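> At position 137 of the sequence shown the residue is numbered 145 (our numbering), and the sequence of numbers has no breaks.
Take a look at this one; I'll ask things after.
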Amino acid sequence: MLSTLTKEIETRIKAIIREKYDVAYDSLTFTLPPRIEMGELALPIAFDLARKVRRIPRDIARELALEAQAIPGIGKVAVAGAGYLNFHLDRAPFALQLARSIETGRHGQAPPGDDAGKVIVEHTNINPNKAAHIGHLRNAALGDSFVRCLRFLGRQVEVQNYLDNTGVQVADVVVGLERMQGKTLRDVAGMEGKFDYFCWDVYAAVAKFYAESEENQKWRSRTMQAIEAGNNPTAELAEHVAMRIVRAHLATMARINVYYDLLPRESEILHLHFWEKAFQQLRDRGAMYHVQEGKNRGCWVMKTSGDAESAGSGEELEEDEKIIVRSDGTVTYVGKDIAYQLWKFGLLGLDFHYRLFPAYDHHPLWITSAGATPGEHPPRFGAGQRVYNVIDTRQSYLQNIVLQGLRALGYEEQAENSIHFSYEMVALSPACCEELGYELSGEEKKRPYVEVSGRRGLGVKADDLLDALAEKALGEVRARHDLSDDQAGKIAGVISVGALRYFLLRFARTTVIAFDFKEALSFDGETGPYVQYAVVRAGNIFRKLQEAGGEASFSEIDPARLGSFLSGNDDIWELTYQAARLPEVVRQAADSLELSQLCKYAFHLAQRFNLFYHKYRILSEADTDRKMHLLFVVDLVRRQLAKALDLLGCEVPSVM
Numbered sequence: 009m010l011s012t013l014t015k016e017i018e019t020r021i022k023a024i025i026r027e028k029y030d031v032a033y034d035s036l037t038f039t040l041p042p043r044i045e046m047g048e049l050a051l052p053i054a055f056d057l058a059r060k061v062r063r064i065p066r067d068i069a070r071e072l073a074l075e076a077q078a079i080p081g082i083g084k085v086a087v088a089g090a091g092y093l094n095f096h097l098d099r100a101p102f103a104l105q106l107a108r109s110i111e112t113g114r115h116g117q118a119p120p121g122d123d124a125g126k127v128i129v130e131h132t133n134i135n136p137n138k139a140a141h142i143g144h145l146r147n148a149a150l151g152d153s154f155v156r157c158l159r160f161l162g163r164q165v166e167v168q169n170y171l172d173n174t175g176v177q178v179a180d181v182v183v184g185l186e187r188m189q190g191k192t193l194r195d196v197a198g199m200e201g202k203f204d205y206f207c208w209d210v211y212a213a214v215a216k217f218y219a220e221s222e223e224n225q226k227w228r229s230r231t232m233q234a235i236e237a238g239n240n241p242t243a244e245l246a247e248h249v250a251m252r253i254v255r256a257h258l259a260t261m262a263r264i265n266v267y268y269d270l271l272p273r274e275s276e277i278l279h280l281h282f283w284e285k286a287f288q289q290l291r292d293r294g295a296m297y298h299v300q301e302g303k304n305r306g307c308w309v310m311k312t313s314g315d316a317e318s319a320g321s322g323e324e325l326e327e328d329e330k331i332i333v334r335s336d337g338t339v340t341y342v343g344k345d346i347a348y349q350l351w352k353f354g355l356l357g358l359d360f361h362y363r364l365f366p367a368y369d370h371h372p373l374w375i376t377s378a379g380a381t382p383g384e385h386p387p388r389f390g391a392g393q394r395v396y397n398v399i400d401t402r403q404s405y406l407q408n409i410v411l412q413g414l415r416a417l418g419y420e421e422q423a424e425n426s427i428h429f430s431y432e433m434v435a436l437s438p439a440c441c442e443e444l445g446y447e448l449s450g451e452e453k454k455r456p457y458v459e460v461s462g463r464r465g466l467g468v469k470a471d472d473l474l475d476a477l478a479e480k481a482l483g484e485v486r487a488r489h490d491l492s493d494d495q496a497g498k499i500a501g502v503i504s505v506g507a508l509r510y511f512l513l514r515f516a517r518t519t520v521i522a523f524d525f526k527e528a529l530s531f532d533g534e535t536g537p538y539v540q541y542a543v544v545r546a547g548n549i550f551r552k553l554q555e556a557g558g559e560a561s562f563s564e565i566d567p568a569r570l571g572s573f574l575s576g577n578d579d580i581w582e583l584t585y586q587a588a589r590l591p592e593v594v595r596q597a598a599d600s601l602e603l604s605q606l607c608k609y610a611f612h613l614a615q616r617f618n619l620f621y622h623k624y625r626i627l628s629e630a631d632t633d634r635k636m637h638l639l640f641v642v643d644l645v646r647r648q649l650a651k652a653l654d655l656l657g658c659e660v661p662s663v664m
């Protein structure tokens, strides 16, 4: 709503300037006045225009202000300083329109036709070889909240969680099961308990197995070949391991309110000849070539700089080569990802088969399949206009290789629309490590954070972290309320997930996060529970009103009286105006890929509301109109705060 009004002001001002001064502008840049009583939008265009037409800026600003008074939604246009145009919104109509747009649920959506086309967001993408860890939670939280923001803005979004079920990591676990422990598929299928936890330890132990001898190392290549070939006991065991762990991952992510539309599997990229077709295209375009000598002998590689003919030889050439197909014939991750990216844009001329994958009660989840499933009618997946790959910064090089593959095939537009949504790792604060039972050296205790490593078995499993966080939240809930175990448990779960997701999102994505229990769960400061508490506090006002036999119906509010109320209380109007900025903030966060902006907005709006709450006696207000106007503002703010939390993947508990 605010962005629509801003665009309308910009359009009208540009038209006025063309008509009066014969000067054309492509766009105008608005700023914010230093104080709300000076207006909501400021435009310094008179300064630039003065240089073009050789006149005094303030005189131009006065002329523009007279013309701009007639713009719908504007109450007053004032000239400030040496020539700023300050726009004052018509407060009551603006607030009432905000209430209507919130009620309809369309206040964040772009106009029809704006950025049309499907957006594909691929996130989480945990190797299905062991339990998820805390770093995976940051990926999932970023990806899921980004999707929520895009959908809030009216975009069509498809959420994909790619399953690398034929990769090195799965092969390593299979080597551990078959070669180290002598287990068969029947043995593994009969195992009970948290299978993803069991495989966590198997994966860590395989590194020692490989280090024992060169013969042991050969089992990785042999196992990968067997998995890619399919229709053998090793491939069947790999399939069981991968899909069993996928189910564990889905359950873990559902705990933090993360869900998907499609699970594309790497095995189908191979078995349905996606890679074979992509390989042929890359080879025919000269983007890949076969190495005849050197350490990469027998591999198909892609040049990472220049071209094969103009490059040097020997070590210099090898440094510029990225292996796409290994000498044993197995395909690297990046090779399969090029084929996958081509399919995402609908450029491959091939499609998966699909089947429903029972996982959620409220949302259909599909998974790719090598064959058609009778009676099922999946939606059309892929063929996106833009693709976002949520992958950490350590994968930047490989993401660039994928883009290089698209460009080598002539798909420049699609390469431009392939966005690497990168982020930094999650570590642990020393205090968090000690609370989780990890022994630290004296040197580690002095560090700002402690890095974790799944390959070495050092790290925090996501479910363990969520359990510990919920237990700490439960202690806080029990200290404040006398509730049944079931009630207290549910509320603690909502608070702990809100604390975790807000904590993972409030830092700039290029910042290394050092997770800390105390900081995340605090009810004070920039935390999820602080924002949740503000919404609960607002809700309590209406609960107490209802308990006292009162009601709040805003349909009969008189615009003139509301306008007088808002005009006489700049602080309350500023709170209302900040509540209206949610769609604008969401759009900025989505454009910049910085969800931290949305966190900061929610925190500052909660702060403003808490100041308002302590300053005004709402339920005890004697003046009927004033009381209704105060309740009206409370309702606007609580709805916007609740929506902001929802976009961050956080729910609102019933009590705190």
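For every residue, glycine included, the Cβ atom is placed at its ideal position computed from N, Cα and C.
All of these numbers come straight from a predicted model, not from anything done at the bench.
Give every residue of the same chain whose Cβ lies closer than 6 Å to the Cβ of Met188, excluding the five residues on either side of it in the sequence, and list them in chain order.
Residues Phe217 of the same chain have their beta carbon placed closer than 6 Å to that of Met188, with the five preceding and five following residues left out of the count.
> What is the C-beta distance between Phe365 and Leu373, in whole angstroms, given that I count them as a contact (C-beta under 8 Å)?
5 Å
> Would you report the Cα separation of Asp579 and Arg99, rounded to the nearest angstrom?
Cα-Cα distance, rounded: 13 Å.
> Report buried or exposed for Tyr80, applying the criterion of at least 16 other Cβ atoms within 10 angstroms of its Cβ.
Per the sequence shown, residue 80 should be read as Pro rather than Tyr. Looking at its Cβ environment, which holds fewer than 16 other Cβ atoms inside 10 Å, Pro80 is exposed.
> Could you name each continuous alpha helix (DSSP H) segment of 4 residues or more that falls completely within the segment 332 to 362, going from the start of the chain to the end?
341 to 352
> What does a CB cutoff of less than 6 Å around Ala347 pick up in its chain, not counting 5 residues either side in sequence?
Ile277, Phe282, Trp283 and Ala286
> Can you give the beta carbon distance from Pro591 to Ser11, rounded, assuming they're within the 8 Å contact cut?
6 Å
> Are the beta-carbon atoms of Ala546 and Arg646 separated by less than 7 Å?
Yes.
> Establish whether the CB of Gly151 and some CB of chain C are separated by less than 7 Å.
Absent here is chain C; the protein component of the structure consists of one chain.
> What's the call for Met199, buried or exposed, on a 16-neighbour Cβ count within 10 Å?
exposed
> Could you tell me the boundaries of the alpha helix (DSSP H) in which Glu71 lies?
Pro65 to Ala76
> Lys191: which of Thr174, Val210, Gln177 and Gly175 sits nearest, CA to CA?
Val210
> Tell whether a beta-carbon distance below 7 Å holds between Leu656 and Arg517.
no
> To which residues of the same chain is Ile24 closer than 8 Å at the C-beta, ignoring the five residues directly before and after it?
Leu72, Glu75 and Ala76
> Beta strand (DSSP E) containing Thr376: first to last residue?
Trp374 to Ser377
> Can the beta-carbon of Arg146 be found closer than 7 Å to that of Val434?
Yes, the pair counts as a contact, with Cβ atoms nearer than the cut-off.
> Pull up the CB-CB distance for Gly125 and Gln393, whole angstroms please, since I reckon it's below 8 Å.
3 Å
> If you compare alpha carbons, which of Asn135, Ala69, Ala652 and Glu602 is closest to Leu613?
Ala652
> Is Ala90 buried or exposed, if buried means 16 or more other CB atoms sit within 10 Å of its CB?
exposed
> Could you pull out every residue in the same chain whose Cβ sits closer than 6 Å to the Cβ of Val642, ignoring the five residues on either side in sequence?
Ala546 and Ile549
> Check whether the segment 129 to 148 and the segment 223 to 243 touch, using three or more Cβ-Cβ pairs below 8 Å as the test.
no
> Could you spell out the range, first to last residue, of the beta strand (DSSP E) harbouring Glu130?
Lys126 to Glu130
> Ignoring anything shorter than 4 residues, give me the alpha helix (DSSP H) runs that lie fully in the segment 579 to 619, in order along the chain.
590 to 600
> If you draw a straight line from the alpha carbon of Ala78 to that of Gln596, how long is it in whole angstroms?
29 Å
> Quick one: is Pro537 buried, meaning 16 or more other Cβ sit within 10 Å of its Cβ, or exposed?
buried
> If you count every other CB in all the chains shown that lies within 10 Å of the CB of Tyr541, and 16 or more means buried, which is it?
Burial call: buried.
> Please check the pair Ala406 and Ser426, which I expect to be a contact at CB under 8 Å, by giving their CB distance rounded to whole angstroms.
The displayed chain sequence assigns Leu, not Ala, to residue 406. Actually they are not in contact, since the Cβ atoms of Leu406 and Ser426 sit about 13 Å apart, beyond 8 Å.
> If we count Cβ pairs, one from each stretch, closer than 8 Å, do we get three or more for the segment 527 to 535 versus the segment 55 to 72?
Because the criterion of three Cβ pairs below 8 Å is not met, the segment 527 to 535 and the segment 55 to 72 do not touch.
> Using the three-state DSSP reduction, which class does Gly151 fall into: helix, strand or coil?
Looking at Gly151 - three-state DSSP - the assignment turns out to be helix.
> Express the C-alpha separation of Cys658 and Arg114 in angstroms, rounding to a whole number.
As the crow flies, the alpha-carbon of Arg114 is around 20 Å from that of Cys658.
> Can you tell me which of the three DSSP states Leu512 falls into?
helix
> State yes or no: is the C-beta of Pro41 within less than 7 Å of the C-beta of Ala50?
yes
> Between the C-alpha atoms of Lys498 and His298, what's the straight-line distance to the nearest angstrom?
Cα to Cα, Lys498 sits roughly 58 Å from His298.
> Between the alpha carbons of Asp204 and Met296, how many angstroms are there, rounded?
38 Å
> Straight-line CA distance for Val266 to His622?
If you draw a straight line from the Cα of Val266 to the Cα of His622, it comes to about 36 Å.
> Less than 6 Å between C-beta atoms, sequence neighbours within five positions excluded: which residues of the same chain meet that for Ala256?
Asp204
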